[in-house]
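Q: Take a look at this one; I'll ask things after.
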Amino acid sequence: MCGIVAYVGGKDCASILVDGLRRLEYRGYDSAGLAVHTGRGVDIVRAVGKLNNLDIALQKTPLKGTTGIGHTRWATHGRPSEANAHPHVAGDIAVVHNGIIENHVALRRALEGKGVRFSSDTDTEIVAHLVDEAVRGGESTLAGAVRAALKQVTGAYAIAVVSSKKPTEIVVAKAESPLVLGFGDGEMLAASDIPALLSHTRDVIFLQDGDMALLSREGVNITKLDGSQVTREKKRIDWSPTQAEKGGYKHFMLKEIHEQPRAIEDTLRGRLDVQAGDVVDEELGITEALAKKINRVYFVACGTSAHSAMAGRYWIEQLARIPSTVEIGSEVRYREPVFTENDLVVAVSQSGETADTLAAVKAAKAQGATILAVANVIDSAIPRASAGALYTHAGPEIGVASTKCFTTQLAALLMLAIGLGRRRGTLSASEARRLVDALSKVPHQMREVLAKADEVRHIAKRHIRARDMLFLGRGTGFPVALEGALKLKEISYIHAEGYAAGEMKHGPIALIDSEMPVVVICPRDVHYEKTLSNLQEVKAREGQLIAIATEGDRDVARMLVPDEAPRSSSWRTSVTQLEPDVSLIEIPSAEPEVLPLLTVIPLQLLAYYMADLKGTDVDQPRNLAKTVTVE
Ligand code: M6R
């Protein structure tokens, strides 16, 4: 999400910066820009759209100089436009930034109160003004001014700062967003990721959270934000450029599966009020009056987004007590559906451009319903057509099969349900606190599940010859089952079906024999006992069971291998092949509402490894497009 490149040395840097940004294109962006010290001061060139547009702008206004910073922006605050593109300038200072400044509203108000005029809608411009304020306040060093600014900022950032007054200095800093320093010959570079550095150097330092660094031709001085010196180990990178783009992962999909803890942190950032037991979101615009007026929530979405919408429906009904329904966009648009002014239509879409979802939104809007978009791509068509937008902040998703966008949608929808529940008085503060607390633990719990990836790979290997697979779940485990089946068919081309486990007896049970792998999602929740019966039924028909259960669940273990489980008190496995036809994948114990964010991860990994073992094109499966802008 966004790319930074910085250069200080002896070479003309504009082309070096653009080349570096090109190597970060995979991160996604909608505008780009450079700030270069020309000897007389810092000049800026920015352009909306692809880097070719920046090239054209640079032909018209060449930037000559040997110190500079560059940026590709993936819009988070403010639409993609030249004014919102980075670098942002205040006085002598120019700043590029990745991440989200959490307290941007308060800081902006305070600066405006002091007479500061903003020229963009971004949170980044605040940083430029804060650094400028420190300089005007008498701070003589660039590092000191950046330090003073960052002390006021909370949130995630990687920044690079140049000053007209310091022709051979760049200051960079990092908190939660990545930043790597590169050591060239008489030159220093910094970038969001290694590919941007590889044509100049393979010697790098990965900055850690809370680090600041002053870059010059002579090298680097790294400190903590409080000014204390730190030493960071230099590493030699021997990745190929493509490997580097994928952060060492074989495919973008695998990288994105592993990015989920960080993506969820970004979705939740600044939106949970643990003390009050509530969610905060200025973008949402769900006032108490609106929350009380709604008499139906109508989700519209397609594919994976429709699966997260199904989970959203369970939560809205449970927590906000509003009747809810989910429809796929392609059906709504031709069904002459009836909407009223008291309907809240929630359009869920990663891309924000899906034609069928957009058409449904337009139909609902025409009948006076209030539209809320839950989207990943800022200022895309669906958010633009909506009254409000709840952005998931998952960052660009390159793999065609959606993974991190599914779980960030789940997090956003659960927050929406909590917000509506609180505003309608159907959810107590203590219950909301329980949920907010559960959500805040999810990134850590996801990391625990991801640590089992290798073991899931073993399970995938055992089932690689399967021609069909069944996925069963109840409650929010049902949309997870649908999502597990969709992931598998999309990328491995193995036929798969997701079912509500309660429907098993009404048909799919006829398919189960010793050839059929059946994934049963049975964590400890209100449906647990009933799902255990389904597990039993699959076992009785000799189906090849893959159970997703809560860590340490001895009942499931006993059921899977009756003789084995009670034998020792230490009988417990994280992910185990228990018998040739029985596998168990354990997830951490969690509040029932957040379980889908955890149970889906083994299913994403299972689909990924089955596809990879079969040798399919995981990131670009046949016949599929990432964004479906046609019917
Ligand atoms: O961009 P959207 O979320 O609106 O896209 C909807 C579907 O096209 C998308 O989820 C699709 O099903 C993915 N290939 C799922 O992996």
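With numbering that gives the first Met the number 0, you'll find the sequence shown wraps up at 630, consecutive numbering, no jumps. Every residue, glycine too, gets a C-beta built ideally from N, C-alpha and C. Given the structure is predicted, the values throughout are model-derived calculations rather than measurements.
Compare the beta carbon distance of Leu596 and Ala374 with 8 Å and say whether it is the shorter of the two.
A: Taking the first residue of the sequence shown as position 1, residue 596 is located at position 597. Taking the first residue of the sequence shown as position 1, residue 374 is located at position 375. No, the Cβ-Cβ distance between Leu596 and Ala374 is not below 8 Å.
Q: Here's a check: name, in chain order, each residue in its chain whose Cβ is nearer than 8 Å to the Cβ of Arg270, leaving out the five neighbours to either side.
A: Locating residue 270 in the sequence shown gives position 271, counting from the first residue. So the list reads Val278, Val279, Asp280, Met414, once near-sequence residues are dropped.
Q: For Arg216, collect the residues of the same chain with a Cβ closer than 8 Å to its Cβ; drop the 5 residues on either side in sequence, then sort them by chain order.
A: Translated into positions along the sequence shown, residue 216 becomes position 217. Cβ neighbours of Arg216 beyond the five flanking positions: Val7, Gly8, Gly9, Thr167, Gly185, Glu186, Met187.
Q: Helix, strand or coil: how does DSSP classify Phe182 here?
A: As a first step, residue 182 is located in the sequence shown; it is residue number 183 there, counting from the start. Three-state DSSP puts Phe182 in a strand.
Q: Return the chain-ordered list of same chain residues with a C-beta closer than 7 Å to the C-beta of Ala159, the five sequence neighbours on each side being excluded.
A: Position 160 of the sequence shown, counting from 1, holds the residue named residue 159. For Ala159, where only same-chain residues beyond five positions count, the Cβ hits under 7 Å are Ile3, Ala5, Ile68, Val95, Ile169, Val171, Ala189.
Q: Is Glu489 near ligand 1, in the sense that its beta carbon is under 7 Å from a heavy atom of that ligand?
A: What you label residue 489 is simply residue 490 of the sequence shown in a count that begins at 1. Yes, ligand 1 has a heavy atom inside 7 Å of this Cβ.
Q: Pull the bridge partners of Gln228 from the DSSP assignment, please.
A: Here residue 228 corresponds to residue number 229 of the sequence shown, with the count starting at 1. Bridge partners of Gln228: Thr222.
Q: Taking 5 Å as the limit, tell me which residues put their C-beta closer than that to any heavy atom of ligand 1, in chain order.
A: Cβ atoms closer than 5 Å to ligand 1 belong to Cys301, Gly302, Thr303, Ser304, Ser348, Gln349, Ser350, Thr353, Ala400, Ser401, Val627.
Q: What residue range does the alpha helix (DSSP H) around Leu50 cover?
A: Translated into the one-based positions of the sequence shown, residue 50 becomes position 51. It spans 50–59 - the alpha helix (DSSP H) in which Leu50 sits, taken as one unbroken run.
Q: For the alpha helix (DSSP H) that contains Ser307, what are its first and last residues?
A: Against the sequence shown, residue 307 aligns to sequence position 308. Its alpha helix (DSSP H) spans residues 302–314.
Q: Could you tell me how far apart the beta carbons of Thr71 and Tyr28 are, in whole angstroms, since I believe they sit closer than 8 Å?
A: Sequence index remark: in the sequence shown, residue 71 carries index 72 (1-based). Sequence index remark: in the sequence shown, residue 28 carries index 29 (1-based). Rounded, the Cβ-Cβ distance is 3 Å, consistent with contact.
Q: Tell me the DSSP secondary structure of Ala13 in three-state form.
A: Looking up residue 13 in the sequence shown gives position 14. Three-state result, Ala13: helix.
Q: Tell me which same chain residues have a C-beta within less than 7 Å of the C-beta of Leu149, skipping the five on either side of it?
A: Locating residue 149 in the sequence shown gives position 150, counting from the first residue. Cβ within range, chain order: Ala172, Leu224.
Q: Taking the alpha-carbon positions, what's the His257 to Asp467 distance?
A: Here the question's residue 257 lines up with position 258 in the sequence shown. Here the question's residue 467 lines up with position 468 in the sequence shown. In a straight line, the C-alpha of His257 is about 27 Å away from that of Asp467.
Q: Counting along the chain, where does the beta strand (DSSP E) carrying Asp165 start and finish?
A: As a position in the sequence shown, residue 165 is number 166, starting the count at 1. It is Lys, not Asp, that sits at residue 165 in the sequence shown. Per DSSP, Lys165 belongs to the beta strand (DSSP E) from 165–174.
Q: Please classify Pro620: does DSSP put it in a helix, a strand, or coil?
A: Mapped onto the sequence shown, residue 620 falls at position 621. Here Pro620 sits in coil by DSSP.
Q: Distance check for Leu434 and Val441, CA to CA, integer angstroms please.
A: Start at 1 with the first residue of the sequence shown, and residue 441 comes out as number 442. Start at 1 with the first residue of the sequence shown, and residue 434 comes out as number 435. Between Val441 and Leu434, the C-alpha separation is close to 11 Å.
Q: Just the Cα atoms here: how many angstroms apart are Cys521 and Val479?
A: Position 522 of the sequence shown holds residue 521. Position 480 of the sequence shown holds residue 479. The alpha-carbon atoms of Cys521 and Val479 are separated by roughly 11 Å.
Q: Could you check what DSSP says for His257 in three-state terms: helix, strand or coil?
A: The residue labelled residue 257 in the question sits at position 258 within the sequence shown. DSSP places His257 in helix when its eight states are reduced to three.
Q: Would you identify the three-state DSSP class for Asp355, choosing helix, strand or coil?
A: Working through the sequence shown from its first residue, we reach residue 355 at position 356. Residue state, collapsed to three classes: helix.
Q: Here's the rule I'm using: 16 or more other beta-carbon atoms within 10 Å means buried, otherwise exposed. How should Asp512 be labelled?
A: Within the sequence shown, residue 512 is the residue found at index 513, counting from 1. Looking at its Cβ environment, which holds fewer than 16 other Cβ atoms inside 10 Å, Asp512 is exposed.
Q: Which runs of the beta strand (DSSP E), 3 residues or longer, sit entirely within the segment 318–368?
A: With a minimum length of 3 residues, the continuous beta strand (DSSP E) runs that stay inside the segment 318–368 are 323–327, 342–348.
Q: Can you give the Cα-Cα distance for Leu206 and Ala142, rounded to whole angstroms?
A: Indexing the sequence shown from 1 puts residue 206 at position 207. Indexing the sequence shown from 1 puts residue 142 at position 143. So the alpha carbons of these two residues sit roughly 16 Å apart.
Q: Can we say the segment 600–614 touches the segment 483–492, given the rule of at least three CB pairs closer than 8 Å?
A: Because the criterion of three Cβ pairs below 8 Å is met, the segment 600–614 and the segment 483–492 touch.
Q: Is the beta carbon of Gln259 closer than 8 Å to that of Met558?
A: The count along the sequence shown starts at 1 and reaches residue 558 at position 559. The count along the sequence shown starts at 1 and reaches residue 259 at position 260. No, Cβ-Cβ distance for Met558 and Gln259 is not below 8 Å.
Q: Give the straight-line distance between the Cα atoms of Asp580 and Phe298, rounded to the nearest whole angstrom.
A: As a working mapping, residue 580 is identified with position 581 in the sequence shown. As a working mapping, residue 298 is identified with position 299 in the sequence shown. Cα-Cα distance, rounded: 39 Å.
Q: Looking only at its chain, what residues have a beta carbon closer than 8 Å to the beta carbon of Ser401, apart from the 5 residues adjacent to it on each side?
A: Walking along the sequence shown from the start, residue 401 turns up at place 402. Excluding positions up to five away in sequence, the list reads Gly302, Thr303, Ser304, Gln349.
Q: Buried or exposed, going by whether 16 or more other CB atoms sit within 10 Å of the CB of Glu124?
A: Translated into the one-based positions of the sequence shown, residue 124 becomes position 125. Classification for Glu124: buried.
Q: Report, in whole angstroms, the separation of the C-beta atoms of Ile263 and Ala300, which I expect to be a contact under 8 Å.
A: Here the question's residue 263 lines up with position 264 in the sequence shown. Here the question's residue 300 lines up with position 301 in the sequence shown. Not a contact, Cβ separation roughly 19 Å.
Q: Would you mind reading off the limits of the beta strand (DSSP E) that contains Ile3?
A: Taking the first residue of the sequence shown as position 1, residue 3 is located at position 4. Per DSSP, Ile3 belongs to the beta strand (DSSP E) from 2–7.
Q: Distance, Cα to Cα, Ile43 vs Gln58?
A: Walking along the sequence shown from the start, residue 43 turns up at place 44. Walking along the sequence shown from the start, residue 58 turns up at place 59. Roughly 13 Å between the two C-alpha positions.
Q: Give every residue of the same chain whose Cβ lies closer than 7 Å to the Cβ of Ala174, excluding the five residues on either side of it in the sequence, and list them in chain order.
A: Along the sequence shown, one-based indexing puts residue 174 at 175. Correct list, in chain order: Ala155, Tyr156, Asp208, Gly209.
Q: If we require 4 or more residues per run, which alpha helix (DSSP H) segments fall completely within the segment 56–131?
A: Listed in chain order, they are 103–112.
Q: Quick one: using the 10 Å Cβ neighbour count with 16 as the cut-off for buried, is Leu623 buried or exposed?
A: Translated into positions along the sequence shown, residue 623 becomes position 624. Per the 10 Å Cβ criterion, exposed.
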